[in-house]
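Undergrad:
In mature numbering (1 follows the signal peptide of the UniProt record, and there is no 0), the protein residues as written are -26 to -1, 1 to 88.
Structure follows, in C-alpha cells:
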C-alpha cells in the first residue's frame, strides 16, 4: 500500500457529509412520519416474503448503519480501475471462512491474510 491518492481525503470528507446527511434525514423522517416511512420501506421490500419490518427497521439510520455505509463508501473510493490497468486486488472470504485476496482466490492459491 502506498500513500493515499492526493484528493482522497477531500473525497472522504465529502462522503462523510453525504452519509451523515442521509442518516440524519432518515432519523428525522422516522420520528416525524413513522407510518409513511414504514409504508415506503415495506413497498420496496414486497418481493422478500421473509422480510420482517419490526426486526429489521430499527437498524435503519442507526449508528451501526452509519459506520457500515461510511466504511463501504470509503472502500469504493479506493477500489477504482482504469482501462488497460490492473483491477484492485480486494480481500475476499472463501466459503470455508479463510480470508485471502481475490487474485489468490482466482489462481487457487492458499495465501492467507491472517
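C-beta: ideal position from N, C-alpha, C; glycine also.
Taking the alpha helix (DSSP H) that residue 8 falls in, what are its first and last residues?
TA: Run containing residue 8: 8 to 18, per the alpha helix (DSSP H) assignment.
Undergrad: So who's on the other strand from residue 46, going by DSSP bridges?
TA: Per DSSP, none; premise fails for residue 46.
Undergrad: If we count the other Cβ atoms within 10 Å of its Cβ and call it buried at 16 or more, is residue 7 buried or exposed?
TA: Under this definition residue 7 is an exposed residue.
Undergrad: Would DSSP call residue 73 helix, strand or coil?
TA: Reduced to three states, the DSSP call for residue 73 is strand.
Undergrad: State the CB to CB distance for the pair residue 43 and residue -8, rounded to an integer number of angstroms; the pair is presumed to be in contact (CB under 8 Å).
TA: Yes, they are in contact, since the Cβ atoms of residue 43 and residue -8 sit about 5 Å apart, within 8 Å.
Undergrad: Take residue 54 and list the residues in its own chain whose beta-carbon comes closer than 8 Å to its own, dropping the five residues that flank it on each side.
TA: Hits under 8 Å: 62.
Undergrad: Under the criterion of a Cβ to heavy atom distance below 7 Å, does residue -1 qualify as lining the ligand ATP?
TA: The model depicted lacks the ligand ATP and carries no ligand whatsoever.
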